[in-house]
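Take 168 as the starting number for the sequence shown in the working numbering and just add one per residue. Below: one structure, written as structure tokens.
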Amino acid sequence: MTLRTCIEVLRENQMYGTNKMVPYRDSKLTHLFKNYFDGEGKVRMIVCVNPKAEDYEESLQVMRFAEMTQEVEVARPVDKPLCGLTPGRRFRNQAFREELSRKLEIRGGPINGGKY
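The following block contains the structure:
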């Protein structure tokens, strides 16, 4: 349900040029997908439907949801190149580099004339 709401808000923002807040934090799933919806990765969706007559309504809802999601285009930001790292990993790498630099400054310089 929250995934649908997020997709609907993204679609409305694109269609009408609005800037409504997308409720990513309403569920763990959408919170995990936030970076991908913001353009920091690739998004693919697999839709499963059941051919049984008794599942017709559910399959119809799934197909309508899939149709709605096709109207959302996620553009990658120009200033954030993808380097194969998740945002959390990039943050931890940066924190590691800063901590290493601080320790090397205290110690008196890089090891064997290297960068660090």
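From the three backbone atoms N, C-alpha and C, an ideal C-beta is built for every residue, glycine too.
Given this structure, state the Cα-to-Cα distance separating residue i from residue j, to the nearest angstrom.
i: Arg269; j: Val210; result: 38 Å
i: Asp205; j: Val241; result: 7 Å
i: Tyr283; j: Gly255; result: Residue placement at Tyr283 is poorly supported in this model, since its pLDDT is 49, which falls under 50; the coordinates still yield a value, given next. If you take the alpha carbons of Tyr283 and Gly255, they lie about 22 Å apart.
i: Arg257; j: Met230; result: 36 Å
i: Leu267; j: Asn260; result: 10 Å
Is residue i helix, strand or coil by DSSP?
i: Lys201; result: helix
i: Val241; result: coil
i: Glu207; result: coil
i: Gly284; result: With the chain represented from 168 up to 283, any question about residue 284 goes unanswered, as that position is not in the structure.
i: Asn260; result: helix
i: Leu267; result: helix
i: Thr253; result: coil
i: Met168; result: coil
Taking the alpha-carbon of residue i as reference, which of the options has the nearest alpha-carbon?
i: Thr253; options: Glu221, Met235, Glu207 and Leu196; result: Glu207
i: Ile213; options: Thr236, Ser194, Lys201 and Tyr203; result: Thr236
Within its chain, find whatever has a CB closer than 7 Å to the CB of residue i; leave out the 5 residues flanking it on each side and keep chain order.
i: Tyr183; result: none
i: Leu170; result: Leu196 and Thr197
What's the call for residue i, buried or exposed, on a 16-neighbour Cβ count within 10 Å?
i: Tyr223; result: exposed
i: Thr197; result: buried
i: Cys173; result: buried
i: Leu199; result: exposed
i: Leu177; result: buried
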